[in-house]
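In what follows, a structure is listed as C-alpha cells, so that the remarks can point back to it.
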Amino acid sequence: MELLKRNAVPLLLVAAQWPVGWLLSQTVNSYYLQIIVYIGINAMLAVSLNLINGITGQFSLGHAGFMAVGAYVSAACSLFLVNGWPAALALPAILLAGGLAAALAGLVVGLPTLRLRGDYLAITTLGFGEIIRVVILNTAAVGGARGLGGMPPLSDFASVYACTIVCVLVIWRLVHSPLGKAFTAVREDEIAAAAMGIDTTRYKITAFVLGAFWAGVAGALFAHFIGYIHTNSFTFLKSVEVVVMVVLGGMGSISGAIIAAAVLTVLTEALRFLADYRMIIYSVLLIVMMLTRPGGLLGRHEITQWRFWSSRTAR
Amino acid sequence: MALLELTDCSLTFGGLKAVSAFSFTLDAGQLVGLIGPNGAGKTTVFNLITGVYRPDRGEIRMQGQSIAGLPTFRINRSGIARTFQGIRLFPNMSVLDNVVVGANQHIARAPVAMLFRTAAFARHNAELHAQCMATLTLLGLAARAHEAAGTLSYGEQRRLEIARALATRPKLLLLDEPAAGMNPQEKVELMEQIRLIREKLQLGILIIEHDMKLIMKMCERITVLDHGETIAVGKPEQIQIDERVIKAYLGEPVAHDS
Amino acid sequence: MLTIRNLHVRYGAVHALQGVSLTVAAGEIVTLIGSNGAGKSTLLRAISGLHRPSAGEILWKGAAQIETLAPHRIVALGLCHVPEGRQVFANLTVRENLDLGAYQRKDKAEIREGIERAYTLFPILKERQQQLSGTLSGGEQQMLAIARALMARPELLLLDEPSLGLAPLVVQTIFKVIQEINAQGTTILLVEQNAHMALRIAQRGYVLQTGKIVLEDSGKNLLNSPEVRAAYLGD
Amino acid sequence: MAHPISARRSTTVSVFALLCALLCVLPCVLLCVTGCKGKTDEIVIGEFGSLTGGTATFGTSTHAGVLQALDEINARGGLLGKKVKVVTEDDQSKPEEAVSAVLKLIKQNNVVAVIGEVASSRSLAAAPQCQRNKIPMLSPASTNPKVTEAGDYIFRACFIDPFQGSTMAKFAVNSLKLKRFAILTDTKNDYSVGLAQYFRETAKKLGAEIVAEESYSEGDIEFKAQLTSIKTKSPEAVFVPGYYTECALIARQAKELGLTVPLLGGDGWDSPKTTEIGGAAVDGTYFTNHYSEQENRPEVKKFIDTYKQRNAGKVPDAMAVLGYDSMMMMADAITRAGSTEGPKIRDALAATKNFAAVSGTITIDAQRNAQKSIVVLKIDAGRFTFVESVAP
Amino acid sequence: MDQLLQQLINGLAWGAIYALIALGYTMVYGVLRLINFAHGDVYMVGAMMAYYLAHWLGFAVAPSTIGFVIVLTSSMLICGALGALIELVAYRPLRNRPRMSMLITAIGVSMLLEFGGQRVFGPDPKFFPQLIESRSLFKAGAVVLTNIDLLVICVSLFLMVVLRFIVLRTKIGLAVRAVSFSFETSSLMGINVNTVISVTFVIGSALAAAAGAMVGLRNPKIEPLMGVLPGVKAFVAAVLGGIGNFPGAVVGGLVMGVTETLVAAYFSSTYRDAVAFVILIVVLLVRPAGLFGKVTVEKV
C-alpha cells in the first residue's frame, strides 16, 4: 500500500495512456498524432542524452548511433526472431533487444574512451556513429543501402508514451537518489568526486550505458512506428539535433530536456514552410543560445522547482 | 601500528625535486601540522598521499596497507579524506547534496528499491539524511543545507569541504589550508570545530596552514618542509624557536628579537 | 610614479584586496611582504591588468588611470610584471623567451643591446641561449624571467616572489641582481615572502595581512619590527 | 521525502517559464495557421522531396521539373476547370521526415495526390501513409521494386532496377561483345546497389565474368584507390551505376590512371554535368536512359527549351525530366478520372497507357511500374548519341 | 608492386590535402583548446570562393597557371577573413566559459556554413574549372603521376614550409607559440592575445582554403557538404600526430591519406570512412598524446 502510494504519480501517468490515447484518436488526425509520437521519441533521446551530457558532464555526439543500433537490432528481431508472436509479448521483447544491444555498444565505446578528456570523447562518439552507419550500409542482411522494412507496426502512441514515462522515471529517480547524486558530482568536479571515494569511471560508464540503452529503446520504437528504417535517419545531424535539445532545455535539467524536445519537434514541423531556411535557423538558434544563455532555458533547474509551480521549498 | 606512514618518499617534476626522501608517521587521533614556505612541497605531499601523484620512490602505508599508486577513490575508501587548497566543492549542488555525495560509499546499492522507492529505501534515506544533517550541524552549516554550495561565503565553503570529507567516514583527515581567506572570527570558530570533530570522531588529522597562530595553538606536533625536505619536526614551541625554520620563513637568521 | 588608491579586488566569494593604497616613487625598491594568501600576488596582478579591480584606482605617473587597461597596453606604458612561479615559456628556447620580452620593441639594435645586457646580468643565460627553457633549473628560470621582463625596458618592474622555491645561494645572487637593476635606474616593486632578504634591499616596505595593509615603514625599521615576525610565525 | 531538492527562486526563472510557455504555444499556433485548408476552387497536389540535406540536388531538380509542368497545366486552364496548386514539403533527405511531410500534405493540405520521392528509401517510408489514406502516390524516380509493393495506390514513373541493370548487361555482352567486367558501386545508394545486382546477375547468365567489384560512397571525390585496383584486374569495361555527381569524376580519374576501357552507366548519368565535369574522359562511355536528345520528339525539344529558359540556361538532368513527367502523368490521370477522389485517380493512373512523356512512352503495368522503352546512349565528343532502343 | 606504388602516390596527394586542413585544426587547438568543427566547412568555402573567383576573373574561360595562383591566393585571403570573423563573433565571447560551450557553438557555426552554403551556393555540385589541364607527367609501367598530383603535393609542401617559417622565424609566429603556452604570461610580454588568436584563425583558415581550391582542381566536383567528412578526418589526423604539434599534423595527414587509400585498395573501400575513426580510437587508447605529443597531467 505504502509502495503504491509512493509510486502513484508514475503509475497514474502510465495508466493514462489508455484514456489519453483514446481521446487523441478521437480528436486528432494522424498527422498530429505522429508529431506527438515523435515528441515522445525525441524526449526519450533528449532525456537519455542529458544523463550523459548534462548530468554527468560528458560530451557524446553519438546518440544517433545508439539509436540506430536499437532500431536495427529490434527490427531484425521482429523480422527474424519474434515473428508471429502476439504484440503484447513481441513489443517488450524487441524493446529490450534494441535497448540491450545499444547498451552493449555503449559499453564497448565507453570503456576505452571515457577516461579521455571531454572533447576527445565528443569526436570518438561522433566517429562511432559513422562507423555504425558504414557497417549497416555494408550489411546486406539488414538491407544495406536499401533500408530495412516490413516490421509490424508494434509501437503506437500508447507504447511510446508509456516508454517515455518509464524512461524519464528511471533517470529521474536515479539522479535524484542519494546514490545518483554522484553523477552530478562527476560533472561538477571529477577530482573532488574521486577524492570523496567515488569511482568516477564507473559512474561515467553507467551513465553512458544507461543513456545508450534508452536511445536504443527509442530507436526500437521509432523503427516499429515508421515500419521502415534507413541509415539516413541516424546521421550526425540527428545526434546534433538531440544535443541541441539538451542544450536548449538546460544541461542537467530533465524537465528542460523534455520541454525542449517538444518545442523543437513542433517547431521543426511549424517551420516546414521555410524549407531550406529551416536548418539555417536551427544553427543560428544554437549559436545565439550559447552566446546569450549558455545554461539553456531552465539551466540546471527542474520545472518542479519553479515558484508558481509549488510554493514549498521541499517536498 | 601507525595510522599513516610515509617512508622515504620522493617525487620529481621535470628535474625539480618536489619532495625528497620524505618520511612521516601519524597515529590515530593525532593532530599534526605540516608547514613550510610557499612552494615547499606541502600540497604535493597531500597529492602523494591521496593518489593524485605516484611517488617515484618510497612507500605509503595506511594502517599497514600499501596505498601508493592506487586510484584516488580507492585511497579515500581506505579511510583518507581531504580538503583542497583551492576549494573544489560541487558548486551547483546543494550544501546537503555535497555531503550526500561524500557519503556515497556508505549508501546501500539497491537499484530496484531506488526505482520503486520502497519503504526500506525511504528508511535508509531518512537515516542518511539525519547523518548528513548531523555532520552539517557539527560545522555550523545546517541552516544553509538547501542552498547551492557555490552561493556560500568563502569561510562556509571551506567548512563545507570539511563536512563533505567527514561524510566519507575517514580515519584520517587531510586539511589543506582550511583557514585561508577566513576572517579572525571565523578562524576561531573553525579551530573550535576542528577540536570538536577530533574529540567526537577520534580522527587523525594532518593540517597544512599558513596561519601560524592557528597551527601553533592546535597541533601537538609540527613537521616543517622546505624545498621538499623536512627541516624540522617537533612541538610547536620548539618549532617557533628553531633557527632553520625562522631562516626558511624570513630569509637569513634574525639577529635578535627586539 | 605609481599610486594606488583604495583598491578592492574580488574573486567570486573572496574579497582578496580590501582597500589597499600605496605609492612607489621613481628609483625606489619597494617591497610588499606578508604571509601566504594575504593578497600580495593579487595586488601585482591588478596592477598589470590581469585582474580587473572591483573598486579603487591605479594611477601611473600621477595621471593615467590604468586599472581598466588590457595587460599588453600596460606593458606598453613601461610596467613589467615577472609573475609568480617564473612562467617561462617552457616550449621555447631561452633566446626566444628573451625575444618575447622585447615583443613591443621595434628597434633591432636596441633589442640586441637588451640581450647583451641580459647576458651581462646573467651570464648563464648566454650559455643556455639555444636550450629549451623548460629544461633550465629553477634558479635559471627565475633569472630568465627577470631578464625577459627587462627586455621591454620597463620603468617599473613588478617582481612576484623571485625567491620562491630557490636555494639560499641562488636567492642571494638574484637579490644582488635586483639591486643592480635598480641601480641602473629601474624602479622595483617586490613582493616577497622571504621578508628578511626583501626588507634588506628595499627602501620602503608594506606589510599586507588578509587583504589590508597593516604596516608601512622603511625597510630597516620593518626588519626590526616585532609585528613582522608575528605576521609570519604567529606569536 | 528524505532528500528535498533545493529550490532557488529567482525572477529570471519565472521569466523563462513564461518564455518557455510562449515557445510551446507559438509553434502550435503556427502549425494551425500553416495547416489551413486549401480553397475549394483549386486542386492541390502534394510533392515531397529532399530540398536540403545530403541528396538535396535530386530534390531540387525534381522540384524544378514539377513546377514547370504545373505552370504548363495552369496555362492550359488547369484541370477539371480548376487551377492546380502544388504544395512542396522538404524531407531533409531523411525517411522519418518524409513520413511527416506526406502526413502533413494529406491531413493539413488535403492534397488529392502525392508526387515523390526520388530516393527509394524515402518513398518506402512514405508509401504506407498514402496507402492507408487512399491517396495515390507517384514516385518520379524510385527504382527499387519494393516501392510499389506497398499497396495499390503507389505508382512510379520510371523503370525499375532489374530492367535497367539487365538491359545494360545484355547490351554490353551482346552488342559490344565484351566478356570481362568490373563493377564500381555506390554502397550508400540503393539505386546503385540495385542496378549493380541485376547487371551482375544478367552478365553472369550471359556467360560474362565479373573480375572486380569495388565500391564508394555518395559524396566521395577520391576514387583512385578503387580504380587502381580495378585497373590491375584489366577488365574490358567498368559498370558504374551511380549518379553523375560521382560518375563523371570517376571517369576523369580512371583516365588519369590510364584506365581507358569504356565505362557503362545508368540513367543517373543523364546530366549536362557529366560531360562538363568528365570532359574528354567520358567520351566513349555508354549509359542507359529514358530518351535521347537526338530522338527529336517534340515533347523532348519543348521540354528542354522551356527548362533552359526557366532555369537560367541549365540543361535538365534525369530528375528534372522525371519530375516533369510525373506531374504530367498525374494531371492526365486526374483529367481522365474526371474527379479528385483518391480511388478514382488511382484507377485512372493504373489505366495509363501509351502516355507520351518526355522520358518515353509510358504504360503502367499490373505492378504499377512504368513500362517504357529504354535507350542506350554513347557519349561522343561531349554529345549523347543514340545507339539503340530496347522495348520492355 | 606497381599497384602499391600507384596507391602510395594516390595516398600522398590525398594526404597532403588532409595535412593542410589538419594544420589549421592543430593551430586553433593549440591556442584555444577548441575542436573547431567549422574548420572543414571553411575548407568548403575555400573551394567555393575559388570557383566563383575563377568565373568572375575570367580564368574559367581562359585557364592558366597564373590564374590558378591568383584564384588560390585570393580564396585564401577571403577565407582567412572568414576565419577571423568566426572567431570574433562566435568564439571570443565564450572564451572564459566552459570549453563545452565553445564546442557546441562550433557545431552551430559548422551547420550554419553547411546549410547556409546549400542556400547560397545551391545544393547541386559544381564543376570546378580546369585552370590547369591534367596530364600525366611520366609513366613507369603501370605507375602514373599526373601534373595535378605533383602540383598538389608541391603547393602543400610549399605552404607547410611557409607556415614553418612563420611559426619559427617571425615575431608573430613566436607570439603564437607563446600564446599557446599561456594567455596570461603572453599578455605580460605585451602581446595582444586577441590579435594573435585572430592571426591563428586567419592562417589556419587560409590553409584550409588552399586545400579546398586544390581539391577543386584535382577532383573538380565541389558542393556545400564536401567539408564535413574531410574536416573530421583531418581532425583525427591532427590527433594522430599529436594535437598542437605542427610537424605532427603534417605526418598525421599523410599517414591518414595513405592508410585510407590502402584500405580502399586492399581491404574494402566501403570501410574507408570508418578507418579514420578506428585510427582515432586506437591512438587514444595506445598513445593519447599522439605520435609526437607529450602527456600533460592536470594540476590539483
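Residue numbers (the working numbering), protein chains in the order written: chain A, -10 to 304; chain B, 191 to 448; chain C, 25 to 259; chain D, 14 to 405; chain E, 2 to 301. C-beta atoms are modelled at their ideal positions from N, C-alpha and C, and glycine is treated no differently.
Closer than 7 Å by C-beta to Met304(B): which residues in its own chain qualify, once you throw out the five before and the five after it? Chain order, please. As a first step, residue 304(B) must be located in the second sequence, where it is residue number 114. So the list reads Phe311, once near-sequence residues are dropped.
Can you tell me where the alpha helix (DSSP H) holding Met56(A) begins and where it ends? Position 67 of the first sequence holds residue 56(A). Unbroken alpha helix (DSSP H) run through Met56(A): 52 to 65.
Below 7 Å between beta carbons is the criterion; list the residues of the region 114 to 129 of chain E that meet it against any residue of chain D, in chain order. Cβ contacts with chain D: Phe116, Gln119, Pro124, Asp125, Pro126, Phe128.
Identify whether Asp131(C) lies in helix, strand or coil by the three-state DSSP scheme. By 1-based counting over the third sequence, the position of residue 131(C) is 107. Coil.
Assess contact between the region 272 to 292 of chain A and the region 124 to 140 of chain E, defined as three or more Cβ pairs (one per stretch) separated by less than 8 Å. Is contact present? The region 272 to 292 of chain A vs the region 124 to 140 of chain E: no contact.
Met279(A) (DSSP reduced to helix, strand or coil): Counted from its first residue, the first sequence places residue 279(A) at position 290. Judged by DSSP in its simplified three-state form, Met279(A) adopts helix.
Does the beta carbon of Leu391(B) fall short of 7 Å from some heavy atom of the ligand ATP? Of the ligands one can find in the structure shown there are none, so the ligand ATP has no counterpart to examine.
Could you name the residues of the same chain whose beta carbon sits closer than 7 Å to that of Gly102(C), not counting the 5 residues immediately before and after it, in chain order? Position 78 of the third sequence, counting from 1, holds the residue named residue 102(C). Apart from sequence neighbours up to five positions away, the residues of its chain that approach Gly102(C) with a beta-carbon distance below 7 Å are Pro178, Glu179, Leu180, ordered along the chain.
With a CB to CB cut of under 7 Å and the five nearest residues on each side skipped, what residues in its chain are close to Met331(A)? For residue 331(A) there is no data in the structure shown, the boundaries of chain A being -10 and 304.
Is Phe129(E) helix, strand or coil by DSSP? As a first step, residue 129(E) must be located in the fifth sequence, where it is residue number 128. Phe129(E) falls in the coil class under three-state DSSP.
Given Met77(E) as reference, the closest of Met50(E), Gly59(E), Met101(E) once Cα atoms are compared: As a first step, residue 77(E) must be located in the fifth sequence, where it is residue number 76. Ranked by Cα distance from Met77(E), the first of Met50(E), Gly59(E), Met101(E) is Met50(E).
Backbone secondary structure at Tyr243(B) - three-state DSSP: Stepping through the second sequence from its first residue, residue 243(B) is reached at position 53. Tyr243(B) falls in the coil class under three-state DSSP.
Helix, strand or coil: which one does DSSP assign to Val240(E)? As a first step, residue 240(E) must be located in the fifth sequence, where it is residue number 239. Of the three classes helix, strand and coil, the one that applies to Val240(E) here is helix, per DSSP.
Cβ of His75(C) within 8 Å of any chain E Cβ: As a position in the third sequence, residue 75(C) is number 51, starting the count at 1. Contacts with chain E at 8 Å (Cβ-Cβ) do not include His75(C).
When the Cα atoms are used, what is the spatial distance from Val62(E) to Val388(D)? Locating residue 62(E) in the fifth sequence gives position 61, counting from the first residue. Locating residue 388(D) in the fourth sequence gives position 375, counting from the first residue. Spanning the alpha carbons of Val62(E) and Val388(D) requires a straight line of approximately 34 Å.
Flag Ser284(B) as yes if its beta-carbon sits less than 8 Å from any beta-carbon of chain G, otherwise no. Absent here is chain G; the protein component of the structure consists of chains A, B, C, D and E.
Could you name the residues of the same chain whose beta carbon sits closer than 8 Å to that of Asn87(D), not counting the 5 residues immediately before and after it, in chain order? Looking up residue 87(D) in the fourth sequence gives position 74. These residues qualify, in order along the chain: Lys96, Val97.
Over the uninterrupted beta strand (DSSP E) stretch that includes Tyr299(D), give me the two end residues. Counting from one through the fourth sequence, the residue named residue 299(D) turns up at place 286. Counting along the chain, the beta strand (DSSP E) containing Tyr299(D) begins and ends at 299 to 302.
State whether the region 15 to 22 of chain A contacts the region 213 to 220 of chain A, with contact taken as three or more CB pairs (one from each stretch) at a distance under 8 Å. With the cut-off at 8 Å, the region 15 to 22 of chain A and the region 213 to 220 of chain A do not touch.
Determine the extent of the beta strand (DSSP E) in which Arg219(E) is found, giving its start and end residues. The residue given as residue 219(E) occupies position 218 in the fifth sequence. Counting along the chain, Arg219(E) falls outside any beta strand (DSSP E), though it belongs to the alpha helix (DSSP H) covering 194 to 219.
For Ile135(C), collect the residues of the same chain with a Cβ closer than 7 Å to its Cβ; drop the 5 residues on either side in sequence, then sort them by chain order. Residue numbering aside, residue 135(C) sits at position 111 when the third sequence is read from its first letter. Cβ within range, chain order: Ala126, Arg129.
Going along chain D in order, which residues have a C-beta closer than 8 Å to the C-beta of Ile215(A)? Numbered from its first residue, the first sequence carries residue 215(A) at position 226. Result: Pro108, Glu109, Val112, Ala138.
Return the bridge partner residues of Lys159(D) from the DSSP annotation. The residue given as residue 159(D) occupies position 146 in the fourth sequence. Partner(s): none; Lys159(D) has no beta bridge.
Tell me which same chain residues have a C-beta within less than 7 Å of the C-beta of Val435(B), skipping the five on either side of it? Within the second sequence, residue 435(B) is the residue found at index 245, counting from 1. Cβ within range, chain order: Val414, Ile421, Ala422, Ile429.
So, under 8 Å CB-CB, Val164(C) and Ile148(C) are touching, yes? Tell me the CB distance rounded to an integer number of Å. Reading the third sequence from its first residue, position 140 is the one you call residue 164(C). Reading the third sequence from its first residue, position 124 is the one you call residue 148(C). Checking the sequence shown, residue 164(C) turns out to be Glu, not Val. Contact flag correct, Cβ pair sits at about 6 Å.
Close-in-space but distant-in-sequence residues of the same chain around Val123(A) (CB under 8 Å, 5 per side omitted): Here residue 123(A) corresponds to residue number 134 of the first sequence, with the count starting at 1. Same-chain partners within the cutoff: there are none.
What is the DSSP secondary structure of Ser65(C), reduced to helix, strand or coil? Working through the third sequence from its first residue, we reach residue 65(C) at position 41. If DSSP states are grouped into helix, strand and coil, Ser65(C) belongs with the helices.
Test: Asn288(B) CB closer than 8 Å to a CB of chain C: To locate residue 288(B), count along the second sequence from 1; it is residue 98. Not closer than 8 Å to any Cβ of chain C, the Cβ of Asn288(B) fails to qualify, so no.
Between the alpha carbons of Ala4(A) and Phe306(B), how many angstroms are there, rounded? On the first sequence, position 15 is the one that residue 4(A) refers to. On the second sequence, position 116 is the one that residue 306(B) refers to. The alpha-carbon atoms of Ala4(A) and Phe306(B) are separated by roughly 16 Å.
Thr234(B) and Pro368(B) look like a contact to me (Cβ under 8 Å); what is the Cβ gap, rounded to whole Å? The residue labelled residue 234(B) in the question sits at position 44 within the second sequence. The residue labelled residue 368(B) in the question sits at position 178 within the second sequence. At roughly 18 Å, the Cβ-Cβ gap does not stay under 8 Å, so Thr234(B) and Pro368(B) are not in contact.
Here's the rule: buried if 16 or more other CB atoms are within 10 angstroms of the residue's CB, otherwise exposed. What is Asn282(B)? Against the second sequence, residue 282(B) aligns to sequence position 92. It is buried - the Cβ of Asn282(B) has at least 16 other Cβ atoms within 10 Å.
Can the beta-carbon of Leu210(A) be found less than 8 Å from the beta-carbon of Ser144(A)? For the purposes of this step, residue 210(A) is taken as the residue at position 221 of the first sequence. For the purposes of this step, residue 144(A) is taken as the residue at position 155 of the first sequence. In this structure, Leu210(A) lies near Ser144(A), with their beta-carbon atoms less than 8 Å apart.
Output, in chain order, the set of chain B residues within a Cβ distance shorter than 7 Å of Ser59(C). The residue labelled residue 59(C) in the question sits at position 35 within the third sequence. Per Cβ cutoff of 7 Å: His400.
Taking Cβ positions only, does Val206(D) come closer than 8 Å to chain A? One-based indexing of the fourth sequence puts residue 206(D) at position 193. Yes, Val206(D) lies at the interface with chain A (some Cβ there is under 8 Å from its Cβ).
Could you tell me if His39(C) is buried or exposed, where buried requires 16 or more neighbouring beta carbons within 10 angstroms of its beta carbon? Translated into the one-based positions of the third sequence, residue 39(C) becomes position 15. Buried, because 16 or more other Cβ atoms sit within 10 Å of the Cβ of His39(C).
Given that Gly189(C) touches chain B, what residues does it touch there, using C-beta distances under 7 Å? Numbered from 1 along the third sequence, position 165 holds the residue referred to as residue 189(C). Those within 7 Å of Gly189(C) in chain B are Gly229, His417.
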